[in-house]
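Notes for the one structure printed next.
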Amino acid sequence: MGSTAASDIDTPVSLITGASRGIGAAVALRLAASGHHLLLTARNELGLTVIAEQCRQAGAASATVLPCDLTDQAAVLQVFNQIKQQHQRLDHLINAAGMMQDSMLGMTRLADLQALFSLNVAASYQCCQLAARLMSRQKSGNIVNLASKVGESGAIGQSAYAASKAAVSGLTKALAKELGALGIRVNAVAPGFIETDLTAHYSALKKQQLCQQISLGRTGQADEVAALVQFLCSNDAKYISGQIIAIDGGFSL
Amino acid sequence: MTAANHTDLQISNTGRLKHAFATALAIDVARISDDLAYNSIAEWDSTAHMLLIAELENCFNLMLDTDDIIDMSSVQMAKTILSKHGVVFEHITTDHAGSD
Numbered sequence: 075m076g077s078t079a080a081s082d083i084d085t086p087v088s089l090i091t092g093a094s095r096g097i098g099a100a101v102a103l104r105l106a107a108s109g110h111h112l113l114l115t116a117r118n119e120l121g122l123t124v125i126a127e128q129c130r131q132a133g134a135a136s137a138t139v140l141p142c143d144l145t146d147q148a149a150v151l152q153v154f155n156q157i158k159q160q161h162q163r164l165d166h167l168i169n170a171a172g173m174m175q176d177s178m179l180g181m182t183r184l185a186d187l188q189a190l191f192s193l194n195v196a197a198s199y200q201c202c203q204l205a206a207r208l209m210s211r212q213k214s215g216n217i218v219n220l221a222s223k224v225g226e227s228g229a230i231g232q233s234a235y236a237a238s239k240a241a242v243s244g245l246t247k248a249l250a251k252e253l254g255a256l257g258i259r260v261n262a263v264a265p266g267f268i269e270t271d272l273t274a275h276y277s278a279l280k281k282q283q284l285c286q287q288i289s290l291g292r293t294g295q296a297d298e299v300a301a302l303v304q305f306l307c308s309n310d311a312k313y314i315s316g317q318i319i320a321i322d323g324g325f326s327l
Numbered sequence: 027m028t029a030a031n032h033t034d035l036q037i038s039n040t041g042r043l044k045h046a047f048a049t050a051l052a053i054d055v056a057r058i059s060d061d062l063a064y065n066s067i068a069e070w071d072s073t074a075h076m077l078l079i080a081e082l083e084n085c086f087n088l089m090l091d092t093d094d095i096i097d098m099s100s101v102q103m104a105k106t107i108l109s110k111h112g113v114v115f116e117h118i119t120t121d122h123a124g125s126d
């Protein structure tokens with residue numbers, strides 16, 4: 075467990091799932107630079123510990139490591155219980171945890187589809203549910219989900235992943251309508267091809283082919299997505315809700 | 027704990043419950059009775075219900091599960107559900123438990 079500091083009312087408290095690597099880790103570092111109290115969760119405790127230390131050095135008010143399998147409902151409940159005890163509030167939830175499935179329709183096991191939905195959709199849903207309960211009392215809050223360009227427009231060999239990310243987009247829009255009355259904003263970012271562990275297995279040839287479809291002619295970096303999330307967590311974004319914001323270098327054009 | 031203390035605690039919890047309802051629903055505390063039910067007044071709609079849950083969780087320092095939230099259809103049911111979590115009220119009845 076990482077070190078903590080008592081919350082003060084002016085310092086935002088932010089929970090980031092999937093914070094041990096990729097976009098989640100990049101978001102953690104961005105929000106650390108903004109001085110947030112950070113609550114970092116993922117399965118990989120060692121990875122979280124390393125990121126938490128980097129966050130402290132980057133200026134986080136505090137960085138607490140909360141190792142958790144997000145598909146374990148009781149464990150997720152325990153995480154939120156700890157947040158309630160430690161900070162009594164939550165200002166930002168970043169649902170960055172997710173997994174990818176690259177397989178054609180006929181070669182996708184239903185068990186794989188269910189595992190994908192369990193993490194990408196159900197776990198995000200439960201986190202939104204519990205976060206909204208913490209946020210509703212303060213009548214303010216901000217939820218950012220990780221959707222995908224694939225969820226918006228589909229991709230060959232990614233039907234399961236696309237379905238799960240489309241579900242995230244639908245969830246985002248519905249919650250923006252439902253939670254707006256409680257002062258809670260809900261948005262999603264929809265990355266295109268971002269260089270992370272999830273895309274590390276792509277061959278150089280496949281990356282080259284993808285880049286030919288991207289207006290900017292290159293893949294994206296996790297920090298570029300994190301910068302957008304950081305903006306959505308700022309007061310400058312206080313009138314933005316219900317949006318699925320593409321960050322894909324023009325891939326979706 | 028003495029009988030007097032026990033009574034004080036019960037009254038206190040009932041008062042805290044009523045205050046939580048009045049705050050979440052933005053109504054006068056005098057309107058809070060055991061019979062008050064979800065959707066029976068305009069102020070207790072689905073949005074206010076979520077505020078109510080947050081208020082009760084904060085007031086009694088606990089976290090309710092989803093089934094509890096769905097079942098909390100009246101003040102009486104709120105007492106019944108909170109009593110499962112160790113909150114003591116006077117005149118607890120469980121007649122409504124498990125009802126629709």
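So the protein sequences, as listed, match chains A and B. Just so we're aligned: 179 in my numbering is position 105 of the first sequence, and the numbers increase by one with no gaps anywhere. Just so we're aligned: 81 in my numbering is position 55 of the second sequence, and the numbers increase by one with no gaps anywhere. Ideal Cβ positions, reconstructed from N, Cα and C, are used throughout, including at glycine.
{"Item": "Within the stretch 218 to 306 of chain A, ranges of the beta strand (DSSP E) (whole runs, at least 3 residues)", "Value": "258 to 265"}
{"Item": "Minimum C-alpha distance to residue 130 of chain A - residue among A:88, A:103, A:161, A:183", "Value": "A:103"}
{"Item": "CB contact check: residue 76 of chain A to chain B, cutoff 8 Å", "Value": "Only weak support exists for where residue 76 of chain A lies, its pLDDT of 42 falling under 50; the coordinates are left without a value."}
{"Item": "Residue 233 of chain A to residue 223 of chain A span [Cα, whole Å]", "Value": "13 Å"}
{"Item": "Near-chain A residues of the stretch 69 to 90 of chain B - C-beta to any C-beta below 8 Å", "Value": "73, 76, 77, 79, 80, 81, 83, 84, 89"}
{"Item": "Exposure label - residue 77 of chain A; buried when at least 16 CB within 10 Å", "Value": "Confidence at residue 77 of chain A is low in this model, with a pLDDT of 41, below 50, so its placement is unreliable and no value can be given for it."}
{"Item": "For residue 169 of chain A: DSSP bridge partner residues", "Value": "A:91, A:219"}
{"Item": "Residue-chain proximity (residue 207 of chain A, chain B), Cβ-Cβ < 8 Å", "Value": "yes"}
{"Item": "Beta-carbon proximity check, residue 116 of chain A vs residue 92 of chain A, cutoff 8 Å", "Value": "yes"}
{"Item": "Contact belief for residue 194 of chain A with residue 307 of chain A at Cβ below 8 Å, rounded distance in angstroms", "Value": "Incorrect: roughly 21 Å between the Cβ atoms, too far for contact."}
{"Item": "Any C-beta of chain B under 8 Å from that of residue 259 of chain A", "Value": "no"}
{"Item": "Whether residue 242 of chain A touches residue 253 of chain A by CB criterion (8 Å)", "Value": "no"}
{"Item": "Distance between residue 189 of chain A and residue 123 of chain A (C-alpha atoms, nearest Å)", "Value": "26 Å"}
{"Item": "Alpha-carbon spacing of residue 82 of chain A relative to residue 175 of chain A, whole angstroms", "Value": "41 Å"}
{"Item": "Validate contact between the stretch 80 to 87 of chain B and the stretch 59 to 71 of chain B using beta carbons, cut 8 Å, 3 pairs", "Value": "no"}
{"Item": "Contact set between residue 155 of chain A and chain B, taken where Cβ atoms lie within less than 7 Å", "Value": "89"}
{"Item": "Contact list for the stretch 248 to 276 of chain A against chain B, Cβ threshold 9 Å", "Value": "252, 253, 255, 256"}
{"Item": "Which of helix, strand or coil DSSP assigns to residue 194 of chain A", "Value": "helix"}
{"Item": "Distance between residue 258 of chain A and residue 72 of chain B (C-alpha atoms, nearest Å)", "Value": "15 Å"}
{"Item": "Straight-line gap, residue 321 of chain A to residue 298 of chain A (C-alpha atoms, nearest Å)", "Value": "8 Å"}
{"Item": "The stretch 195 to 210 of chain A touching the stretch 150 to 164 of chain A, judged by at least three CB pairs closer than 8 Å", "Value": "yes"}
{"Item": "Distance between residue 206 of chain A and residue 111 of chain B (C-alpha atoms, nearest Å)", "Value": "21 Å"}
{"Item": "CB contact check: residue 326 of chain A to chain B, cutoff 8 Å", "Value": "no"}
{"Item": "Exposed unless 16 or more other CB atoms sit within 10 angstroms - verdict on residue 89 of chain A", "Value": "buried"}
{"Item": "Backbone secondary structure at residue 139 of chain A - three-state DSSP", "Value": "strand"}
{"Item": "Terminal residues of the beta strand (DSSP E) in which residue 115 of chain A lies", "Value": "111 to 116"}
{"Item": "Host beta strand (DSSP E) of residue 379 of chain A (start-end)", "Value": "Because chain A here runs from 75 to 327, residue 379 of chain A falls outside it and cannot be looked at."}
{"Item": "Residue interval of the alpha helix (DSSP H) (run including residue 121 of chain A)", "Value": "119 to 132"}
{"Item": "Rounded C-alpha distance that separates residue 268 of chain A from residue 295 of chain A", "Value": "5 Å"}
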